[in-house]
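S.K.: Counting the sequence shown from 1 gives a position; this note's numbering is that position plus 1200.
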Amino acid sequence: LPYCSSPRLREARLLQPAVARSRGMPGSGISIEDYTRALGSRLDQARELYAEDDSSVWVKRMFGDYRYLLSARVLADNMKNKSSDAYLYYIDALRKDQKGKVPGTSHGTDGFLIFNGHLVADEMVKNLFVRMQRYWVNFATGGDPNGNDLADWPGHDRKSDRWMVFGESDRVREGVIQGKIGPERVSV
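Here it is, written out as structure tokens:
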């Protein structure tokens, strides 16, 4: 059976202001101190991987990458090992009223867009809704999300680490997590 998965690259729930100020990782029971202590001598190396994030966010971003991106990637790798096609994606789309106010796309946005995107006044969201529904119908009916007039969504390949990025336009991005949680950093 084909497989399709989506974590959020910038798992915004982990980065909401109240959560960013908290002393732990949401829904995990793990404190920031315990998580950074577990990194041990690799703490500085880990910090370099998230140099674009400020000191209040990088640990939570790393935690989110491991919790969400790694699990999707490992499952896609294993599906591919079983000769099943796997398709990975994430959503990088914020409504006009969200830009500059939230750090990224929230968990569950894909479900909202697919079933309710047509109810939002924002034209970008409505257009994204139409495209995503077409991909999902193609995937559900034939096991392949690709179709006429849609950007090509390649199947998962561990070496290139390709993910479909849904946003104002759809594009394929390579190496999404390769340098942070790829095989040279973690053995799975």
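Note that CB positions come from ideal geometry on N, CA and C, so glycine has one too. Every value quoted in this text rests on a predicted model; they were computed, and no experiment measured them.
(1) Using 8 Å as the cut-off, can you tell me whether the segment 1338 to 1348 makes contact with the segment 1313 to 1330, which would need three or more C-beta pairs spanning the two stretches below that distance?
(2) Determine the DSSP secondary structure at I1230, reduced to helix, strand or coil.
(3) Taking only three categories from DSSP, how would you classify R1371?
(4) Would you mind working out which of S1271, D1370 and R1247 sits nearest K1260, comparing C-alpha positions?
(5) Looking at the structure shown, is Y1289 part of a helix, part of a strand, or coil, going by DSSP?
(6) Can you confirm whether the segment 1358 to 1370 touches the segment 1283 to 1300 when touching is taken to mean that 3 or more C-beta pairs between the two stretches lie within less than 8 Å?
(7) Under 6 Å Cβ to Cβ from V1376, same chain only, skipping five residues before and after it: list those, please.
(8) Run the CB neighbour count on A1238, radius 10 Å, all protein chains shown included, and call it buried at 16 or more, exposed below.
(9) Going by Cα to Cα distance, which pick from F1263, L1243, D1253 and A1251 is closest to I1230?
(10) With H, G and I counted as helix, E and B as strand and the rest as coil, what does DSSP make of V1365?
(11) Quick one: using the 10 Å Cβ neighbour count with 16 as the cut-off for buried, is D1310 buried or exposed?
(12) State buried or exposed for H1356, treating a residue as buried only when at least 16 other CB atoms are found within 10 Å of its CB.
(13) In terms of alpha-carbon separation, which member of L1294, A1276 and V1274 lies closest to G1304?
(14) Assign A1272 to one of two classes, buried (16 or more other C-beta atoms within 10 Å of its C-beta) or exposed (fewer than that).
(15) My understanding is that L1313 touches Y1335, with C-beta atoms under 8 Å, so please give their C-beta distance in whole angstroms.
(16) Shortest alpha-carbon distance to H1307 belongs to which of G1300, D1265 and S1255?
(17) Report buried or exposed for L1319, applying the criterion of at least 16 other Cβ atoms within 10 angstroms of its Cβ.
(18) In whole angstroms, what separates the C-alpha of D1352 from that of A1340?
(19) Take N1327 and list the residues in its own chain whose beta-carbon comes closer than 6 Å to its own, dropping the five residues that flank it on each side.
(20) Please report the straight-line C-alpha distance between D1297 and L1243, rounded to a whole angstrom.
M.R.: The short version:
(1) no
(2) strand
(3) strand
(4) The candidate whose alpha carbon is nearest that of K1260 is R1247.
(5) strand
(6) yes
(7) D1361 and W1363
(8) Burial state of A1238 is exposed, judged by a 10 Å Cβ sphere holding fewer than 16 other Cβ atoms.
(9) F1263
(10) strand
(11) Classification of D1310: buried, given that the 10 Å Cβ count is 16 or more.
(12) buried
(13) The residue with the shortest Cα to Cα distance from G1304 is L1294.
(14) buried
(15) L1313 to Y1335, Cβ: 11 Å. No contact.
(16) D1265
(17) By the 10 Å Cβ count, L1319 comes out exposed.
(18) 17 Å
(19) Around N1327: no qualifying Cβ.
(20) 36 Å
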